[in-house]
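Notes to accompany the following structure.
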Amino acid sequence: GCTISPVPPVNIAIRFTYILQDWQQYSWPQQPPVTLTHFKLLSGQSVSGQPRTLSVYWYLFPDASVEKPSDYTKTKAEQSRTPGKAEQDKNSDYNLFSQLKSAPSDSLTYRLALCLCLVNYNYGGLRAVAHVWQEFVLELRYRWENNYLIFGLAGGSPDLRCCLLHQKLQMLNCCIERKKARDDARKVLDEGKERSHRDSGSSSASAFTSTKEASPGKSWDSWSDSEEEFFECLSDQGEMEAPQTEENSKRKAEGRLHQHNSMTLLNSSEPLYVPVTQEPAPMTEDLLEEQSEVLAKLGTSAEGTHLRARMQSACLLSDMESFKAANPGCVLEDFVRWYSPRDYVEEEAVDETGSPVMKGQLSARMNIPGNMWVEAWETARVTPARRQKRLFDDTKEAEKVLHYMAMQKPADVSRHLLPCLLHGAILKLKEEESAEHLPSVQISLQQMVCQASKLLLTPARDYKRLEDFINQLVSMETAITQARSLKAKFSICDKGEEKEELEKFVRSLLEEPEVLVIGAGQGPAGSIIHRMFVSAQRLADFTTDEAAVLPPLDEDFNQELSPLSAGSSKVPDFPSPAGREILLRTCVPRPAPYSKALPQRLFCVMLKDEFRLAGAFSSDTCFF
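If you're matching positions, the sequence shown starts at 1 in full-length UniProt numbering and goes up one per residue.
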């Protein structure tokens, strides 16, 4: 008999790799570039017949696009500076600017970042950016000189959570508000004087004017622009007023705001009034750093410590002077009861008749020798807030901001606006991802926010790491675009089961390196893939004019492909394979016929310019 064992069965697997070239019928579901949806005014050469430069201006300053009454502009500007605070605080995306130190998504700084980015990319490059920035600074100066509030900025002091450029814009808006309020108050005062002048006789009016002009000892024309409303009293007048306590008690009160609860002055039965005080000077983070450096340079000596305390107590001194003007005959204890109630300690005591009474005194820290509050109270003069030297010189600060803006180069502007650009990119990716529901991109976005906050909050930015961060954002944008492209290609079927199968197939394509096509060419996904290859082959075989009249790729999915192939039988459904893979697998007893049958594998890859052959062979090691 024959001792040769029969040949074992061999499993042969052959796989061809085809590359789909269907870009001739390609259309993106989104509008590139991504920021174009934010900047709709620049979608064409002109907007309603207006040049593009004007459209940029209207995008940055919407309140200037249509002529409106001044009252309407003021109302809209105030509303735009605080839009929907309750809703925005609940929205984590709106508060994202605090993590990135950028600016709110509805602010002027945010729109400026998107505008300059788009102008640089599509409308002239660096020169166009410099031109837009110059016009932007000129517009800011115009609004400062004409008392127009800047649109798209939150009211109040500069928000230190935002970038420095946004803080500078808020500082300028504060200056405009102060200047506008001062001018409005002057107009009201002038109108009141004119009304009283008309009511009274000309002789009494002239006598009243001569008296008012003689008392200050200095004409109104001699005051500088920075001292129009707040000014410092004459030194000789202050020296005369300070020691005369009895005269101070009989002096007419000035600058009262309202009565403070039911409190009365300690030395009289007069009610205690809250004075009209000056608001503290708003400061940006660079000004705070400068102030900290100046205070640190004073040293730790007694003289330096005393000078540092005096510099830090300017606001306290102003409030004391206002309090003295509003409450004639007051003492330091009265001021402490209003300004710092914790430093006035009240205790129950017994008077001469044996009745319980409440007696108070200053706290221990207020009685320390050399206390700054005591020294400030002794030097404080009786001066209402409107006659004091301004704590915040809005004219000086506004000019400093405008000078700072004018000196910025395009590179400096881009450095200031980089957090806003990254902020806008993250918000846009979140918006697009929410429509596609990609878990991998969603997780990556959460990680990117934490990474961006670390990169942007450091004093010295690592621009190499920021470049890598931007590349990661680009990769996520590519993933979202791929998801849209696949959904557009595989969303032809409307049947319930097949639609769910196609959606699962698309999700697998996005999350896995290789995906099994269920049903091969007869299944829903396989049929669409086959159809895409057939359409691509027809487009590649015909000329451009002939391809233009061919049916589009998204025609009815239920149409049979056999008539399509019959009309162009010479055109193959698939192109030449880019690669061939052949896999042989079997189980053979080695090295002897009576050895245990073990798996053997031989793999072959044939590409256009490459050939690879790999084998994996096993042998029975028992008894050998």
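Don't be surprised by glycine CBs; every beta carbon is placed ideally from N, CA and C.
A straight line joining the alpha-carbon of residue 479 with that of residue 490 spans about 16 Å. For residue 327, the three-state secondary structure derived from DSSP is coil. Rounded to whole angstroms, the Cβ separation of residue 590 and residue 599 is 11 Å, and the two are not in contact under 8 Å.
With 16 or more other CB atoms across the displayed protein chains lying within 10 angstroms of its CB, residue 152 is buried. For residue 475 and residue 17, the gap between their C-alpha atoms comes out near 25 Å. Residue pairing by DSSP places residue 16 opposite 580 in a beta bridge. DSSP, read as helix, strand or coil, puts residue 252 in coil. Taking C-beta atoms under 8 Å as the contact rule, residue 581 and residue 15 qualify, at a distance of about 4 Å. Distances from the alpha-carbon of residue 291 to those of 312, 278 and 276 put 312 closest.
Leaving aside the five residues that flank residue 104 on each side, the residues in its chain whose CB is nearer than 6 Å to its CB run, in chain order, 97. Between residue 100 and residue 423, the CB-CB gap stays under 7 Å. Contact annotation, residue 321 with residue 383: C-beta distance approximately 4 Å; criterion of less than 8 Å satisfied.
Classified as exposed, residue 446 has fewer than 16 neighbouring CB atoms from the shown chains inside 10 Å of its CB.
At the C-beta level, residue 138 and residue 176 stay beyond 7 Å of one another.
Between residue 587 and residue 8 a beta carbon distance of about 6 Å is seen, short of the 8 Å cut, so the two are scored as contacting. The residue among 163, 368 and 328 with its C-alpha nearest the C-alpha of residue 253 is 328. Residue 454 and residue 135 have their C-alpha atoms spaced approximately 34 Å apart. In the DSSP assignment, residue 193 falls outside any beta strand (DSSP E) and within the unbroken alpha helix (DSSP H) covering 164-199.
Per DSSP, reduced to three states, the secondary structure at residue 610 is coil, with no helix or strand assignment. Rounded to the nearest whole angstrom, the C-alpha separation of residue 472 and residue 428 is 14 Å. If you ignore the 5 residues before and after residue 178, its C-beta comes within less than 6 Å of the C-beta of 394, all in its own chain and listed in chain order.
Here residue 508 has 515 as same chain residues with Cβ atoms under 7 Å from its own Cβ, once five neighbours each way along the sequence are excluded. Annotated three-state conformation of residue 514 is coil, per DSSP.
Residue pairing by DSSP places residue 300 opposite no residue, since no beta bridge is assigned to it.
Taking the C-beta atoms as reference points, residue 263 is found nearer than 7 Å to residue 272. Between residue 452 and residue 172, the gap from beta carbon to beta carbon reaches 7 Å or more.
For residue 362, the enclosing beta strand (DSSP E) starts and ends at 356-362. If you look at residue 110, you'll find it in the alpha helix (DSSP H) that goes 108-122. Taking 7 Å as the cut-off, the Cβ atoms of residue 356 and residue 163 do not count as close.
When DSSP states are grouped into helix, strand and coil, residue 352 belongs to the coil group. By the neighbour-count definition (other C-beta atoms within 10 Å, threshold 16), residue 13 is an exposed residue. According to the DSSP assignment, residue 274 belongs to the beta strand (DSSP E) that extends over 271-275.
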